[in-house]
Amino acid sequence: MAAESFSDNFIASLGCLSAPSLGRLATQLVLMPELSSREREVILEQTRDCLASVLHGKLTRLLLLELNAARVSERLNGADSAERWNEFLELSSQPSFWAELAEHYPSMLQRVDAIVRYRCEASLLFARRWVADRDVLNALCGAKAGELTELSFGAGDSHGGGFTVALLRCEGGRMVYKPRSVAIDASLQAFVDALAQEHGHVLNIRVPRVIDRGVYGWTEFVEHRYAAGDKELTGFYRGIGHWLAIMHLLGASDLHAENLIAHGDTPVIVDCETLFTPKIPMPPSGFGKAFDHASALVAGTVLNIGLLPGRAQMLGWRGIDYSSVGFLPGQQPMMPQPAILKAGTDEAYLGSTMVPVSMQQNHPSLEPALAAYWPHALDAFEQMTGTLRRLDAAGSLEPRLGAFDDCRVRVVLRATETYGELVRMLWHPVSLHNEAQAKQRVRELLASMAASVVSAPSDPVVIESEIEDLLVGDIPLFSTLVCDGQLEGPRGVRWLQPGHLAQAALQRWRASDFEFERNVIRAAMVSAYLNDGWTAHLDTLTPSAIRDADLDARRRAQAERIMQGLIKHAIRGEDGSVAWIAPVLNPSGWSVQLLGVDLYGGLSGIALLVAAYVHEMRAGRANPVPGIEALSSTVQHTLRLAEQQLADNAQGDIKLRPAPPGAYLGLAAQIWTLLMLAQWNGPGGDELQRAITLAEGMLEAAAADDMNDVLSGRAGAIPVLLALAECTHERRFLDMAVQIGDQLLALARQDGDRAYWVQPQTWPQGLGGYSHGVTGVGWALAKLARATGESRFEHLAQAAFRFEDATYDEEEQNWVDLRDLGGPKTAAVWCHGSVGIGLAHLDLDPDFAHPRTQPLLRHAAAATIRMGLGWNHCLCHGDLGAWELLDQLMARGEVLDGMTREGLMARILSSLEEYGPSCGLTKEVVVPGLLSGVGGVAYQLLRMHPDSRLPSVLILGAGL
Numbered sequence: 003m004a005a006e007s008f009s010d011n012f013i014a015s016l017g018c019l020s021a022p023s024l025g026r027l028a029t030q031l032v033l034m035p036e037l038s039s040r041e042r043e044v045i046l047e048q049t050r051d052c053l054a055s056v057l058h059g060k061l062t063r064l065l066l067l068e069l070n071a072a073r074v075s076e077r078l079n080g081a082d083s084a085e086r087w088n089e090f091l092e093l094s095s096q097p098s099f100w101a102e103l104a105e106h107y108p109s110m111l112q113r114v115d116a117i118v119r120y121r122c123e124a125s126l127l128f129a130r131r132w133v134a135d136r137d138v139l140n141a142l143c144g145a146k147a148g149e150l151t152e153l154s155f156g157a158g159d160s161h162g163g164g165f166t167v168a169l170l171r172c173e174g175g176r177m178v179y180k181p182r183s184v185a186i187d188a189s190l191q192a193f194v195d196a197l198a199q200e201h202g203h204v205l206n207i208r209v210p211r212v213i214d215r216g217v218y219g220w221t222e223f224v225e226h227r228y229a230a231g232d233k234e235l236t237g238f239y240r241g242i243g244h245w246l247a248i249m250h251l252l253g254a255s256d257l258h259a260e261n262l263i264a265h266g267d268t269p270v271i272v273d274c275e276t277l278f279t280p281k282i283p284m285p286p287s288g289f290g291k292a293f294d295h296a297s298a299l300v301a302g303t304v305l306n307i308g309l310l311p312g313r314a315q316m317l318g319w320r321g322i323d324y325s326s327v328g329f330l331p332g333q334q335p336m337m338p339q340p341a342i343l344k345a346g347t348d349e350a351y352l353g354s355t356m357v358p359v360s361m362q363q364n365h366p367s368l369e370p371a372l373a374a375y376w377p378h379a380l381d382a383f384e385q386m387t388g389t390l391r392r393l394d395a396a397g398s399l400e401p402r403l404g405a406f407d408d409c410r411v412r413v414v415l416r417a418t419e420t421y422g423e424l425v426r427m428l429w430h431p432v433s434l435h436n437e438a439q440a441k442q443r444v445r446e447l448l449a450s451m452a453a454s455v456v457s458a459p460s461d462p463v464v465i466e467s468e469i470e471d472l473l474v475g476d477i478p479l480f481s482t483l484v485c486d487g488q489l490e491g492p493r494g495v496r497w498l499q500p501g502h503l504a505q506a507a508l509q510r511w512r513a514s515d516f517e518f519e520r521n522v523i524r525a526a527m528v529s530a531y532l533n534d535g536w537t538a539h540l541d542t543l544t545p546s547a548i549r550d551a552d553l554d555a556r557r558r559a560q561a562e563r564i565m566q567g568l569i570k571h572a573i574r575g576e577d578g579s580v581a582w583i584a585p586v587l588n589p590s591g592w593s594v595q596l597l598g599v600d601l602y603g604g605l606s607g608i609a610l611l612v613a614a615y616v617h618e619m620r621a622g623r624a625n626p627v628p629g630i631e632a633l634s635s636t637v638q639h640t641l642r643l644a645e646q647q648l649a650d651n652a653q654g655d656i657k658l659r660p661a662p663p664g665a666y667l668g669l670a671a672q673i674w675t676l677l678m679l680a681q682w683n684g685p686g687g688d689e690l691q692r693a694i695t696l697a698e699g700m701l702e703a704a705a706a707d708d709m710n711d712v713l714s715g716r717a718g719a720i721p722v723l724l725a726l727a728e729c730t731h732e733r734r735f736l737d738m739a740v741q742i743g744d745q746l747l748a749l750a751r752q753d754g755d756r757a758y759w760v761q762p763q764t765w766p767q768g769l770g771g772y773s774h775g776v777t778g779v780g781w782a783l784a785k786l787a788r789a790t791g792e793s794r795f796e797h798l799a800q801a802a803f804r805f806e807d808a809t810y811d812e813e814e815q816n817w818v819d820l821r822d823l824g825g826p827k828t829a830a831v832w833c834h835g836s837v838g839i840g841l842a843h844l845d846l847d848p849d850f851a852h853p854r855t856q857p858l859l860r861h862a863a864a865a866t867i868r869m870g871l872g873w874n875h876c877l878c879h880g881d882l883g884a885w886e887l888l889d890q891l892m893a894r895g896e897v898l899d900g901m902t903r904e905g906l907m908a909r910i911l912s913s914l915e916e917y918g919p920s921c922g923l924t925k926e927v928v929v930p931g932l933l934s935g936v937g938g939v940a941y942q943l944l945r946m947h948p949d950s951r952l953p954s955v956l957i958l959g960a961g962l
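The C-terminal residue of the sequence shown carries number 962 in this note's numbering, and the numbering is unbroken.
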């Protein structure tokens with residue numbers, strides 16, 4: 003995953019760097035009579051191709067720099083740009099060219115020589131092992147192995163001097179060569195076979211057959227095959243559940259999509275070297291003891307195996323779900339990939355292009371139907387966990403783990419992607435020119451990482467060994483025997499204290515909260531679908547009977563019940579902090595984690611909700627809930643801790659990416675929450691000053707972010723900055739809003755008289771709707787125009803609205819969802835459909851002064867009534883979001899298809915009573931958040947009281 007990918011423009015130029023070593027390899031292969039001439043040719047050609055690819059990735063930047071220098075200094079004599087390009091290719095293919103560069107890049111040739119030498123030595127060693135073992139490999143292919151016919155080095159990263167996994171084909175079939183011991187694979191299969199006899203149910207799981215040779219081994223090649231029908235699909239997902247239970251016991255990690263292959267009804271784990279991963283205690287985070295306790299809970303769960311869905315947060319990989327069960331087709335963001343632009347000319351330069359993430363072979367169907375089959379996985383997890391607990395109670399589980407004692411396992415201390423970025427840095431021309439300076443920078447980065455990543459080594463000796471590997475393009479590898487526990491790294495360095503890893507994993511497993519594990523599995527499975535707008539069922543939540551009596555008492559009871567659940571599921575710290583674990587939306591997508599500080603589904607939203615409940619309770623409009631006032635203080639205290647820690651982190655040695663600027667996921671979300679809390683808490687609080695402090699970072703956040711929408715991007719910052727300017731009477735916050743408005747102006751794409759904004763990696767054609775699309779951006783710009791009198795913002799807002807108007811489909815009588823996710827063509831929700839569009843225009847023109855407003859709102863209301871009710875209850879994409887639009891319209895005298903305000907309230911209350919609050923998730927998954935969870939349901943129930951003056955959280959800026 004760490005390798006760079008360029009086109010092969012300079013492949014010919016690099017041949018002279020590897021030719022001498024390849025010549026020696028050819029001679030050495032000739033001296034092996036056991037190899038046929040065809041086999042020698044296969045090994046030599048694959049080594050040549052592999053080296054060309056590796057060197058091309060390392061040296062392309064340098065060659066482009068030298069091309070540019072040759073062009074500028076007029077050292078190329080071709081008649082045109084294309085001729086000069088070809089002239090440079092010819093020039094750079096000569097050894098003299100590289101010898102001359104050595105003066106400016108003194109370490110380059112030495113490092114290139116090391117790469118070439120290591121790869122050739124690894125190829126020669128493979129050849130010797132192949133001829134030594136050929137006759138015993140028949141069992142892996144089901145026939146006599148015979149002659150080697152195809153070979154592919156480089157399956158995965160290189161380690162320890164150019165060693166990589168190799169895929170090969172021989173006359174007897176296909177197999178895999180691994181330059182490491184595969185004893186762990188054999189032990190795992192034996193463990194599974196023994197469990198199958200005890201379990202009482204079929205186990206549709208396996209590990210490829212192996213032949214272990216101590217320091218290397220051969221494994222069966224497993225073909226990817228889609229399941230044949232429902233029975234095999236059920237078997238596959240039951241197998242996932244079995245693996246989850248077993249890998250939870252064995253302390254596995256890093257079992258991502260590349261390491262699992264779907265073979266009909268069997269999930270086959272093809273790389274299990276990361277079992278018994280040691281758990282290093284985490285230092286205090288600064289976010290409070292509740293956060294630390296919850297983090298420890300999450301760190302010990304099945305989430306860390308890598309099988310369950312979760313979105314990457316790291317820069318360059320943001321939004322990718324690389325898990326074995328996730329990694330769903332059509333749901334991965336486009337990724338930037340280095341590319342040579344203007345190739346074929348002497349003006350060629352290094353840029354990037356957006357490419358789809360390469361799909362793997364982890365799914366049993368072309369369109370994975372996880373929604374239908376995840377209950378089978380959960381059931382199998384519970385059954386297998388039951389079997390393992392029964393064996394443990396009988397005293398027979400621990401002895402079985404002893405079979406792993408002498409197996410060597412790998413421990414991933416730093417993300418491979420992190421190492422990959424450092425390799426790219428070390429091979430940059432600037433680094434090649436001044437290697438000492440580059441090494442020092444990498445040294446500092448690796449050392450500083452140890453302060454924030456608990457597993458990252460801090461020992462200078464270990465760091466130095468990592469750097470030496472990175473200099474020659476290898477990814478540092480740390481491994482140990484299960485019975486030892488002390489890690490051995492590059493060049494024999496040691497890290498961590500010795501310890502028996504299997505016994506430690508067993509103790510952690512025994513201490514697990516298995517009910518919590520089940521909830522984590524449910525939540526993680528669901529989070530995969532949320533990234534695609536999935537809802538947990540197609541059954542309507544329309545009540546079977548609508549009761550219209552005792553509306554206020556029933557409203558109070560439903561809100562009270564939700565608040566009691568919020569208190570019940572809180573994780574508390576001794577320092578007065580609080581945390582929750584749930585599916586969480588962040589700019590990368592949905593994943594199961596601790597709630598952040600955002601408004602959408604995080605602590606800001608919960609702080610707002612709980613304070614609102616206390617406010618309404620004291621006014622007699624909500625039922626008393628024991629502990630709710632204490633919870634309000636606790637959540638607000640936790641927000642203070644988070645703000646302080648984030649501020650401290652920003653001042654630390656590690657340069658962190660600023661928070662996004664947006665109104666629901668970002669700084670604006672926190673600021674607006676504090677402005678509301680300042681009102682409800684009364685004078686004497688520090689909320690306003692904290693809001694001002696947060697706002698100081700808004701311009702930096704806007705400059706660093708690539709999103710333009712209301713949810714997490716620039717547009718969301720504008721209305722909150724306007725509100726802050728009004729509260730403080732400080733002009734500078736208005737000026738900030740203007741600067742961000744001008745950024746939106748500069749970033750707008752024009753399509754005739756229409757304007758839109760793109761979302762890189764996801765929706766390059768623009769989006770409609772409120773939270774992510776042009777209506778939200780247009781709404782924010784219109785608010786800015788009114789606050790400043792600047793017509794340029796109004797003109798751009800109207801251009802955005804014209805883009806949305808063009809998406810209205812007369813046949814559907816609704817606005818088209820431009821995401822085109824394969825579901826309904828249009829949506830009647832706040833985030834992407836009629837509810838958000840209607841609320842934005844109602845906020846801008848509440849008196850219907852503009853002739854377009856009333857017809858637009860009637861279209862929005864009709865679509866919402868027709869499509870937006872009865873599927874779930876949440877604010878973002880459910881009944882309580884639809885209620886806000888419809889209720890406000892009826893309050894203004896609009897007649898909506900025989901609907902009344904009381905009738906709509908009765909319908910919603912009847913649905914809540916019959917089905918329980920449902921937010922598009924299985925009911926067993928607790929989602930406390932404001933926009934996506936039951937918190938928003940409670941908030942809207944509070945607002946349903948006729949005397950309530952709680953502000954809308956769907957259109958920010960009101961209520962101040």
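Positions of the beta carbon are idealized from the N, C-alpha and C atoms, including for glycine. Only a predicted model underlies this, so the values are computations on that prediction, with no experimental measurement involved.
If you draw a straight line from the C-alpha of residue i to the C-alpha of residue j, how long is it?
i      : j      : result
Glu446 : Ser454 : 13 Å
Leu749 : Gly668 : 20 Å
Gly216 : Ala188 : 12 Å
Thr640 : Glu419 : 32 Å
Ile564 : Gln499 : 47 Å
Gln800 : Gly780 : 7 Å
Gly202 : Ala513 : 25 Å
Leu403 : Ile186 : 12 Å
Glu631 : Asn625 : 13 Å
Val616 : Trp682 : 9 Å
So, residue i versus residue j, is the Cβ gap smaller than 8 Å?
i      : j      : result
Leu352 : Ser326 : no
Ala54  : Ile13  : yes
Leu543 : Trp832 : no
Ile271 : Leu262 : yes
Gly243 : Ala379 : yes
Gly487 : Leu503 : yes
Pro919 : His571 : no
Does DSSP put residue i in a helix, in a strand, or in coil?
i      : result
Pro97  : helix
Pro953 : coil
Asn494 : Sequence inspection shows Gly at residue 494; the Asn mentioned does not correspond to that position. Three-state result, Gly494: helix.
Asp256 : coil
Thr537 : Caution applies to Thr537, whose pLDDT of 44 falls short of 50 and renders its modelled position unreliable; the value that the coordinates give is listed next. It is coil, neither helix nor strand.
Met946 : coil
Trp511 : helix
Trp132 : helix
Just mark residue i as buried or exposed, buried being the case when its beta carbon has 16 or more other beta carbons within 10 Å.
i      : result
Ser98  : exposed
Ala830 : buried
Val74  : exposed
His265 : buried
Asp214 : buried
Asn710 : buried
So residue i and residue j are in contact, right, with Cβ under 8 Å, and what is the actual spacing, rounded?
i      : j      : result
Asp845 : Ile957 : 5 Å
Ala863 : Leu882 : Wrong, their Cβ atoms sit about 16 Å apart, outside the cutoff.
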